[in-house]
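Here my numbering is used: the first residue of the sequence shown is -6, the next is one more, and so on.
We treat Cβ as the ideally placed atom computed from N, Cα and C, and that holds for glycine.
This report concerns only the one structure given below.
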Amino acid sequence: MMRTRHLKGALLALAPALLLTGCATSTGPVEVTRFHADQVARQGRVTIVPADAADSNSLEFRAVANAVSAALARNGFTVLDEGAAGGDVEAVVALTRDTYAPGAQGRSPVSVGVGGSTGSFGSGVGVGIGLNLSGKPKPVVATRLRVQLRRASDKVAFWEGRAETAAKEGSPAAQPGIAVGRLADALFQGFPGSSGETITVQ
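Right under this line is the structure:
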């Protein structure tokens, strides 16, 4: 519980940085995988919603929503204000963070308040981040952003993407408020992207 509260505090402190275009701190390479139907909407009125409805009023969701909203707007979508009606597209977002401790079995997952699966569309293929845990490095924090675009009318997904990056624990690049902006930018770079292809965005 204390780790979750720590992450909440970090997100709150860094949320204003998400409003800036481009982040000065590099988070290193981002691995991106996207899946989409033959017909992909390239414009429309978008409502941002959390994968877990219980997180709709959380500070974590607002921080992630700001980053995704900016990326969508740069790609021609009109993002509606929170609570506004009339959207024809929903962007379902989820952010998760995993800590990989050297020498430990498995990993220690940390959810950042907007976790949960975004659905089954394209979820059968995983993304590897190529963590090198040889020697005695510091624990590594892997941050993953998932976004699903679906029609608001029938909830049918037409695009889903996942972006993931890793940084040493305690470094600026491992801070959730910094990482999420970078992940959103990478995820929507060259939208909609090649379906099923994993790319590395530097």
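Under DSSP, I192 forms a beta bridge with V25.
Selection V72, D31, D91, L180 evaluated against Q168 yields D91 as nearest (Cα-Cα). Residue environment: Q36 is assigned as exposed (fewer than 16 neighbouring CB atoms within 10 Å of its CB, all protein chains considered). Put simply, the backbone Cα of T158 is about 24 Å away from that of F151.
If you ignore the 5 residues before and after N68, its C-beta comes within less than 6 Å of the C-beta of F181, F184, all in its own chain and listed in chain order. Scanning its chain for C-beta atoms nearer than 6 Å, with the 5 sequence neighbours on each side dropped, one finds around R27 the residues G154, G186, in chain order. Apart from sequence neighbours up to five positions away, the residues of its chain that approach D81 with a beta-carbon distance below 6 Å are G37, R38, A145, ordered along the chain. Secondary structure remark: continuous alpha helix (DSSP H) runs of at least 4 residues inside the segment 132 to 182, in chain order: 169 to 180. A buried status is given to N59, since no fewer than 16 other beta-carbon atoms sit within 10 Å of its beta-carbon. DSSP, read as helix, strand or coil, puts V39 in strand.
Ranking V61, I41, H29 by CA distance to the CA of L138 puts V61 first. At a Cβ-Cβ threshold of 9 Å, A179 and V25 count as neighbours. Taking every protein chain shown into account, the CB of V149 has fewer than 16 other CB atoms within 10 angstroms, so this residue is exposed.
Judged by beta-carbon spacing, A56 lies beyond the 9 Å limit of V140, meaning their Cβ atoms are not closer than that value. The continuous stretches of beta strand (DSSP E) do not include V57, which lies in the alpha helix (DSSP H) extending over residues 52 to 67. In this structure, the beta-carbon distance from L52 to V173 does not fall below 9 Å.
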